[in-house]
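Asks: In the UniProt record's numbering, the protein residues as written are 1 to 181. Just so it is clear, CB atoms sit at the ideal spot from N, CA and C, and this is done for glycine as well. The structure presented is a predicted model; accordingly, all values stated were derived computationally and were not measured.
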């Protein structure tokens, strides 16, 4: 049941190309959430996520909501090109439609992976650990203390995660290479 006075607005926008090394690049997208729903810790947030992270989210939601038919993601395209405006617009539209449908399902709204994906700057491995209770902070703390917002300028996720934990939660938690995306 969703209250008629509640709204959840989601927008996928601002694709950016990142060069990982000489041969590899990836595109990430800004996901902006604006809501008055009691389901969300923050009423506005913006994060950047890449296509592979959407694939991971869909997999998590499928595991946790076994009886729920999930929307499809736009298909993976090995020839995806940021310079092809039609491809970029089509993918962004598909990612946004995926999130819009997911956010209409009350059962999926209770999934902590979804909330961390949309409202924290944590990497996927950190989201998994946090959702399983294997971090020194709760899901609510991770979201509340996250720097993501409409004006946030995001840094490299790897350095942010370790710096974030040291600054916010102290330096007692060991971070191994396997914890980093």
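Could you check the C-alpha separation between residue 192 and residue 37 for me, to the nearest Å?
Replies: Residue 192 lies beyond the stretch modelled for the chain, which goes from 1 to 181, so this question has no answer here.
Asks: Quick check: residue 33 and residue 109, are their CB atoms within less than 7 angstroms of each other?
Replies: Working through the chain shown from its first residue, we reach residue 33 at position 33. Working through the chain shown from its first residue, we reach residue 109 at position 109. Against a cut-off of 7 angstroms, the Cβ pair of residue 109 and residue 33 comes out as no contact.
Asks: Scan the UniProt domain "PX" (7–124) and note each continuous alpha helix (DSSP H) run of 4 residues or more that stays entirely inside, going in chain order.
Replies: List check, alpha helix (DSSP H) in window: 51–64, 85–102 and 112–119.
Asks: How should residue 49 be labelled, buried or exposed, when 16 other C-beta atoms within 10 angstroms of its C-beta is the threshold for buried?
Replies: For this step, residue 49 is matched to residue 49 along the chain shown. Buried is the call here.
Asks: Just confirm the distance between the C-beta atoms of residue 61 and residue 28, as a whole number of angstroms; I'd bet it's less than 8 angstroms.
Replies: The residue you call residue 61 lines up with position 61 of the chain shown. The residue you call residue 28 lines up with position 28 of the chain shown. About 20 angstroms separates the two Cβ atoms, so there is no contact after all.
Asks: With DSSP as the reference, label residue 160 as helix, strand or coil.
Replies: Start at 1 with the first residue of the chain shown, and residue 160 comes out as number 160. A caution first: residue 160 carries a pLDDT of 38, below 50, which makes its placement in the model unreliable, though a value can still be read off. The answer is helix: DSSP assigns residue 160 an H, G or I state.
Asks: Return helix, strand or coil for residue 180, following the three-state DSSP convention.
Replies: The residue you call residue 180 lines up with position 180 of the chain shown. Because residue 180 sits at a pLDDT of 33, beneath the cut-off of 50, its placement in the model cannot be relied upon, and the following sentence gives the value as read from the coordinates. Coil at residue 180, not helix or strand.
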